[in-house]
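Participant: Before I ask anything, here is the structure I am working with.
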Amino acid sequence: MSVKASTSGLIVVGLGEMQVSADPGATLITYALGSCLGVAVYDPVARVGGMLHALLPHIELDPVRARDQPAMFVESGLPALFRACYAQGARKERLVVHLAGAGANTIPERDHFEIGRRNLLMARKLFWKNSILVSGQDVGGNAPRTLSLRMDTGAATVRSAGSSIQL
Amino acid sequence: MSINVLLIDDSAVMRAIALKSLQMSGVPLGTVHQAANGVDGLAVLHQHWVDLILLDVSMPFMRGDEMLEQMRADPALAGTPVVVVTSERGTERVTRMQELGAVHLPKPFTPEQLRDVVRDVTGVRS
Amino acid sequence: MSGSLEENLYSAAVFTFERVAFLVPDIPPDPEQRQQPVEAVASVEFSGPACGTLQLHAGNGLLPLITANMVGMDDPDEALQLDALGELANIICGQFLPALDPVSAFEHKPPEIIAGGDFTDEAFSVEPPAVLSARAEIGFESSRADVLLFLHPDARSET
Chain B
21 MSVKASTSGL
31 IVVGLGEMQV
41 SADPGATLIT
51 YALGSCLGVA
61 VYDPVARVGG
71 MLHALLPHIE
81 LDPVRARDQP
91 AMFVESGLPA
101 LFRACYAQGA
111 RKERLVVHLA
121 GAGANTIPER
131 DHFEIGRRNL
141 LMARKLFWKN
151 SILVSGQDVG
161 GNAPRTLSLR
171 MDTGAATVRS
181 AGSSIQL
Chain D
-18 MSINVLLIDD
-8 SAVMRAIALK
2 SLQMSGVPLG
12 TVHQAANGVD
22 GLAVLHQHWV
32 DLILLDVSMP
42 FMRGDEMLEQ
52 MRADPALAGT
62 PVVVVTSERG
72 TERVTRMQEL
82 GAVHLPKPFT
92 PEQLRDVVRD
102 VTGVRS
Chain E
37 MSGSLEENLY
47 SAAVFTFERV
57 AFLVPDIPPD
67 PEQRQQPVEA
77 VASVEFSGPA
87 CGTLQLHAGN
97 GLLPLITANM
107 VGMDDPDEAL
117 QLDALGELAN
127 IICGQFLPAL
137 DPVSAFEHKP
147 PEIIAGGDFT
157 DEAFSVEPPA
167 VLSARAEIGF
177 ESSRADVLLF
187 LHPDARSET
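Chains as they are written, first to last, in this note's numbering: chain B, 21 to 187; chain D, -18 to 107; chain E, 37 to 195.
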């Protein structure tokens, strides 16, 4: 599951995907987080990290797709991300968690299903049930975001609307 | 170093939420006691070493503000740190409790918020 | 007050259910959700610049769901479920009351819980002179919750 970075050092996480890395020279990055939820996790001792770009909250929305592409859903993607990190030597109690995205559609009439809000709620519910704290987040609103995670330091950064913040 | 905590709330669910949040906080916990009202809370305090109290306000038999008044009047209990956890806002009794040195954590709180308050009040980190 | 009583009641209820019970509401409830009978009611009396009662009516099947989400564990017992309902009502009340008066402070009593009764509005209305002043109806998964606000027409309570 752990992949090597490209020559630029970037490992791109696409829509409905997740990636894990133990390469200190890499940066995990995912783009266009609108209503999608981006999750970055990092173990500073094992120096293992992962990133998830989930589109939808519940697996019941498409159980077949959830089986084949668990990262598409928050409900299946989050545990899969954590397990993949454990497989690379990460420990749950050391994982630092950051969230980004879960925004609303810029046109309210197109936000009928409030997917962003539901994605965030599913994540918070799973974190609570599984005793996981969130270290930082940049969620909501309606501007798309880019989330990156440096594997050498564990720094999680969100870029949006021309500005950049470290979570 | 671990801290002994007393959770005082008439709601068993709120005590369960507070306990789980404390366990998630990473702050080293010793014994966690529970009480459903101010009378039982004072009884625990007189019997056990408690380093921190999470205290609801609106409870039967003895409210949180009434209990805190009694605590602050008792030299043996006066210095115990107290966090007031309540959905009330700006009431006289919450204000009075803050004047008596309690920190206010509004309901509903996230586990991250509870962690931050406990760290600030006790000075104890993970 | 910004917005109507009903809008503020919905806002307080939605915020509380999302933040505390991790449930996204369906507003309005669909026909299947509406069909669920009420199985328990939590009632919170408040006083201050206005006096009244806020009631939270839980449809059949809602209690195990909210409780499991609130405490983060599966299969909570019945006592815990009723407690959870009371605490939700308590928090909704605390979220809503600033809409009645954002400056002054309200106090509320511990919630009272009634379960297993025959719940119709007529059977469980608050004693006069309080009147039903706003109602929020919300669907959650296959069940529902109704939030009812009763206000005394005489706004000022004795302090």
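All residues carry an ideal CB built from backbone N, CA and C; glycine is no exception.
These numbers were taken from a predicted model, which means no experiment stands behind them.
(1) Rounded to whole angstroms, how far is the Cβ of residue 57 (chain B) from the Cβ of residue 139 (chain B), which I believe are closer than 8 angstroms?
(2) So for residue 181 (chain E), helix, strand or coil by DSSP?
(3) What did DSSP end up calling residue 152 (chain E) once you bin it into helix, strand or coil?
(4) For a cutoff of 8 angstroms on Cβ pairs, would you count residue 6 (chain D) as touching chain E?
(5) Over the uninterrupted alpha helix (DSSP H) stretch that includes residue 48 (chain D), give me the two end residues.
(6) If you check the beta carbons only, do residue -1 (chain D) and residue 66 (chain D) fall under 8 angstroms apart?
(7) In three-state DSSP terms, what is residue 143 (chain E)?
(8) Taking 8 angstroms as the limit between beta carbons, can you name the residues of its chain near residue 49 (chain B), skipping five residues before and five after?
(9) So residue 123 (chain E) contacts chain A; which residues on that side make the cut at Cβ distance below 7 angstroms?
(10) Jot down the residue ranges of each uninterrupted beta strand (DSSP E) in the segment 54 to 129 of chain B, minimum 3 residues, whole runs only, in chain order.
(11) Examine the Cβ distances between the segment 63 to 80 of chain E and the segment 166 to 178 of chain E and report whether three or more of them are shorter than 8 angstroms.
(12) Taking the alpha-carbon positions, what's the residue 125 (chain E) to residue 66 (chain B) distance?
(13) For residue 17 (chain D), tell me which candidate among E:153, E:186 and E:146 has the shortest Cα-Cα distance.
(14) Please list, in chain order, the chain B residues whose beta carbon lies closer than 8 angstroms to that of residue 92 (chain D).
(15) Contact defined as beta carbons within less than 8 angstroms: I believe residue -11 (chain D) pairs with residue 37 (chain D). What is the distance between those atoms, to the nearest angstrom?
(16) Answer yes if the segment 133 to 140 of chain E comes into contact with the segment 96 to 104 of chain E, meaning at least three C-beta pairs across the two stretches below 8 angstroms, and no otherwise.
(17) What does residue 70 (chain D) touch in chain E if you count any residue whose Cβ is under 7 angstroms from its own?
(18) Tell me which same chain residues have a C-beta within less than 7 angstroms of the C-beta of residue 85 (chain B), skipping the five on either side of it?
(19) From the beta carbon of residue 192 (chain E), is the nearest beta carbon of chain D less than 8 angstroms away?
(20) Use the C-beta contact count for residue 30 (chain D): other C-beta atoms within 10 angstroms, 16 or more gives buried, fewer gives exposed.
(21) Specify the secondary structure class of residue 152 (chain B) as computed by DSSP and reduced to three states.
(22) Taking C-alpha atoms, which residue in B:61, B:83 and B:120 lies nearest to residue 108 (chain B)?
(23) Once you ignore the five residues that flank residue 162 (chain E) on each side, which residues in its own chain have a CB closer than 7 angstroms to its CB?
(24) By how many angstroms is the C-alpha of residue 123 (chain E) removed from the C-alpha of residue 103 (chain D)?
(25) Please return the same chain residues whose Cβ sits closer than 7 angstroms to the Cβ of residue 175 (chain B), not counting the five positions on each side in sequence.
(26) For residue 183 (chain E) versus residue 128 (chain E), is the C-beta distance shorter than 8 angstroms?
(27) At what residues does the alpha helix (DSSP H) containing residue 47 (chain E) begin and finish?
(28) Kindly list, in the order they appear in chain E, the residues whose Cβ is closer than 7 angstroms to that of residue 73 (chain D).
(29) Should residue 145 (chain B) and residue 44 (chain E) be called a contact, given that it needs their Cβ atoms to be closer than 8 angstroms?
(30) Is residue 93 (chain E) helix, strand or coil by DSSP?
(31) Suppose the cutoff is 6 angstroms on Cβ atoms and the five residues either side in sequence are ignored; what does the same chain contact list for residue 2 (chain D) look like?
(32) In this structure, does DSSP put residue 106 (chain D) in helix, strand or coil?
(33) Should residue 172 (chain B) go down as buried or exposed, given a rule of 16 or more other Cβ atoms within 10 Å for buried?
(34) Which residue's Cα is closest to the Cα of residue 28 (chain D): D:45, D:73, D:14 and D:51?
(35) Using the Cα positions of residue 177 (chain E) and residue 32 (chain D), report the straight-line distance between them to the nearest angstrom.
Facilitator: So, from the listed chains and residues:
(1) About 4 angstroms separates the beta carbon of residue 57 (chain B) from that of residue 139 (chain B), a gap short enough to meet the 8 angstroms contact definition.
(2) Note: residue 181 (chain E) maps to strand in three-state DSSP.
(3) It is coil, neither helix nor strand.
(4) No, its Cβ sits nowhere closer than 8 angstroms to a Cβ of chain E.
(5) First-last of the alpha helix (DSSP H) with residue 48 (chain D): 45 to 54.
(6) For the 8 angstroms CB-CB criterion, residue -1 (chain D) and residue 66 (chain D) form a contact.
(7) Strand.
(8) So the list reads 30, 31, 32, 33, 71, 166, 167, 168 and 169, once near-sequence residues are dropped.
(9) Annotation note: the requested chain A is absent from the structure, which comprises protein chains B, D and E.
(10) Counting only runs of 3 or more residues that sit fully inside the segment 54 to 129 of chain B, the beta strand (DSSP E) segments are 57 to 63, 68 to 74 and 116 to 121, in chain order.
(11) A contact exists between the segment 63 to 80 of chain E and the segment 166 to 178 of chain E.
(12) Cα-Cα distance, rounded: 45 angstroms.
(13) Per the Cα distances, E:146.
(14) Near residue 92 (chain D) (Cβ distances below 8 angstroms), the residues of chain B are 148 and 153.
(15) Taking C-beta atoms under 8 angstroms as the contact rule, residue -11 (chain D) and residue 37 (chain D) qualify, at a distance of about 6 angstroms.
(16) The answer is no - the segment 133 to 140 of chain E does not touch the segment 96 to 104 of chain E, with fewer than three Cβ pairs under 8 angstroms.
(17) For residue 70 (chain D), the C-beta contacts it makes with chain E under 7 angstroms involve 130, 134 and 141, in order along the chain.
(18) Only 92 meet the Cβ criterion.
(19) In this prediction, residue 192 (chain E) scores a pLDDT of 45, lower than 50, which makes its location untrustworthy; the coordinate-derived value is nonetheless stated afterwards. With a threshold of 8 angstroms between beta carbons, residue 192 (chain E) makes no contact with chain D.
(20) With fewer than 16 other Cβ atoms within 10 Å, it is exposed.
(21) Note: residue 152 (chain B) maps to coil in three-state DSSP.
(22) Here the closest residue by C-alpha is B:61.
(23) Excluding residues within five positions, the ones whose Cβ falls inside 7 angstroms are 89 and 186.
(24) Distance between the alpha carbons of residue 103 (chain D) and residue 123 (chain E) is about 27 angstroms.
(25) Answer for residue 175 (chain B): 186, listed in chain order.
(26) The answer is yes: Cβ separation under 8 angstroms.
(27) Residue 47 (chain E) -> alpha helix (DSSP H) spans 41 to 57.
(28) Chain E residues near residue 73 (chain D): 141.
(29) Between residue 145 (chain B) and residue 44 (chain E), the C-beta gap is not smaller than 8 angstroms, which leaves the two residues out of contact.
(30) Correct three-state label for residue 93 (chain E): strand.
(31) Excluding residues within five positions, the ones whose Cβ falls inside 6 angstroms are 92 and 95.
(32) Secondary structure of residue 106 (chain D) (DSSP, three-state): coil.
(33) Exposed, since its Cβ has fewer than 16 Cβ neighbours within 10 Å.
(34) Comparing Cα positions, the closest option is D:14.
(35) CA-to-CA, the gap between residue 177 (chain E) and residue 32 (chain D) works out to about 42 angstroms.
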